[in-house]
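Undergrad:
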Amino acid sequence: MNTAEDRLDRARESRLRRKARRQGFRIDKCRARSSENPAWATFRVVDVSNNTLAASAGWCDFGLTLDEVESFLADD
Numbered sequence: 460m461n462t463a464e465d466r467l468d469r470a471r472e473s474r475l476r477r478k479a480r481r482q483g484f485r486i487d488k489c490r491a492r493s494s495e496n497p498a499w500a501t502f503r504v505v506d507v508s509n510n511t512l513a514a515s516a517g518w519c520d521f522g523l524t525l526d527e528v529e530s531f532l533a534d535d
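Residue numbers (my numbering): 460 to 535.
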């Protein structure tokens, strides 16, 4: 069931995706289906001009929280 918090998270994710697009980036979400996967429900930022990783947690291609994505986009 969708809670108000889920809707707020989806809205925030959409807002960050738009902001990233304006800056030349793309936000990808890990597609892992199991919550046991450490990268489950985490993100990475990709530079679309050369399709390279612009930001990730370092221990895997994903691993960023929405807060970390927002911080990366604010710094850029």
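Note that CB positions come from ideal geometry on N, CA and C, so glycine has one too.
For ASP506 and ALA513, what's the separation of their Cα atoms in angstroms?
TA: 6 Å
Undergrad: On the three-state DSSP scale, how would you describe VAL528?
TA: helix
Undergrad: Can the beta-carbon of ALA498 be found less than 7 Å from the beta-carbon of CYS519?
TA: yes
Undergrad: By DSSP, does ARG492 sit in helix, in strand, or in coil?
TA: coil
Undergrad: Given that a residue counts as buried once 16 or more other Cβ atoms are within 10 Å of its Cβ, and exposed if not, what is ALA479?
TA: Burial call: buried.
Undergrad: Let's test the definition: count the other Cβ atoms within 10 Å of the Cβ of SER423 and tell me whether it reaches 16, buried, or not, exposed.
TA: Nothing in the structure corresponds to residue 423, since the chain is present only between 460 and 535.
Undergrad: With a cut-off of 8 Å on the beta carbons, I'd call LEU475 and LEU525 a contact; round off their distance for me.
TA: 7 Å
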